[in-house]
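A short worksheet on the structure shown next.
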Amino acid sequence: MSQIRLPLVSTEFLTNHIVADPLLTEDQKCNKFLMEALTCQLTEVSQPHEKCQTGTKHRNESFHVFLVGGKRDIENANAMKECKVYNVSKEKHVSISSMNEKRYNHSAASFNGVVYSVGGWNTGALKTAECYDPVSKWWSYIAPMNSTRDSFGICTYNDLIYVVGGWDNSTVESYNPATNKWCFSQSIPAITKSVNRATVAENNIYALTHPLGGNNVFHRFDPRDEKWYNLNEMQSTSSGQYELVSYDRTLFTIGRNECKWLDIRVNKWEPMPHMLSNRTGFSAVIVGKDIYVFGGKKECNSFVTNVERFSVLNNEWTTVDSTEIYLFWGRAAVLSGEFDSN
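The sequence shown begins at 5 in this note's numbering and counts up by one.
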């Protein structure tokens, strides 16, 4: 019973069939799962900002966004290895030590107080990976992935870091920092010539895939049974550029031309306010109860250097920092707590 996602079963089927089964109601453990599912079903599905009524706690916490790599200029494929750290509360950024390798169209994630930068592109697709230790303030190589990949999704679940798909790549791998080893998981349903983004919600990995010339395809991966499940499609924006982040049971896709949100219990994409600037090549992360967007370029091929924030509480975008931060096809990862940049 613990492996069955009862909260996602329709309310009608749950109340008319499952709850009525005496084999389930008479068993104490099964009955507990049923009560949890009913509680979830009875909780009204609302707009994300209606579920988030207190925003001061996260705002007072200390968050630092690590901005790593990217392209040095718009026209040429000159990869970078320089890195910066943005202090969310002070709205200031400082430079830190550079990565060992230049890379863009890579992915970055934080795990147990360490920042990981994986894969990407530098004259070719990369399989190398490295991590930054805020204590030693240095980047160190970790074991390379089994497969080269760029434009792929990354997320953390339990004690593993997952990388999902990528351009012309449908494989999925997980990295265990304790053993410094990568292992293959079940591949995402094969879609070639595509870009992937991934995030975690309710013990599942959600992946949004943008195939060349088609609608975005949405999948769910349950790490407990190592299986992918097809969900729905999301009509593509004209650019296909997007980021995917999650807060509680809500997923947010941040696109160049439009933004949408989805409550995983309903599995339906809904419109939300779009960014103030029309940009591509940006990176978006969830910081507390806010979404932060860094970098990118405008249609006129000029860099976008300000920082935008979407408040889940207020359901609106604001420009929070006009400081010049250059990040184009670089990646961002968030660490909570203090960070000594000296």
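Just so it is clear, CB atoms sit at the ideal spot from N, CA and C, and this is done for glycine as well.
Taken through DSSP and simplified to helix, strand or coil, Val92 comes out as coil. For Ser315, the beta-bridge partners assigned by DSSP are Asp294, Glu320.
Shown here, Pro193 sits in coil according to DSSP, grouped into three states, outside any helix or strand.
C-alpha of Asn184 to C-alpha of Asp267: approximately 35 Å in a straight line. Straight-line spacing of the CA atoms in Thr323 and Asp229 works out to 42 Å.
At the C-beta level, Glu105 and Lys131 stay beyond 8 Å of one another. Straight-line spacing of the CA atoms in Val122 and Lys272 works out to 31 Å. The residues Val119, Trp143, in chain order, have a CB closer than 6 Å to that of Tyr136 in the same chain once the five nearest residues on each side in sequence are set aside. Lys293 is classed as buried because its beta carbon has at least 16 other beta carbons within 10 Å across all chains shown. About 7 Å separates the beta carbons of Ser287 and Glu247, which is inside the 8 Å limit, making them a contact pair.
Distances from the CA of Gly157 to each of Gln239, His97, Phe115, Asn109 were compared; the closest alpha carbon is that of Asn109. Within the stretch 192-259, the complete beta strand (DSSP E) segments of 3 residues or longer fall at 198-205, 208-215, 220-226, 231-238, 246-251, 254-259, listed in chain order. In this structure, the beta-carbon distance from Thr175 to Ala113 does not fall below 8 Å. Lys88 has its alpha-carbon roughly 7 Å from the corresponding atom of His97. Looking at the backbone, the Cα of Val72 and that of Ala83 are separated by about 11 Å. Annotation for Asn282: Arg260, Asn261, Lys302, Glu303 place their beta carbon closer than 8 Å to its own, counting only its chain and skipping 5 residues before and after.
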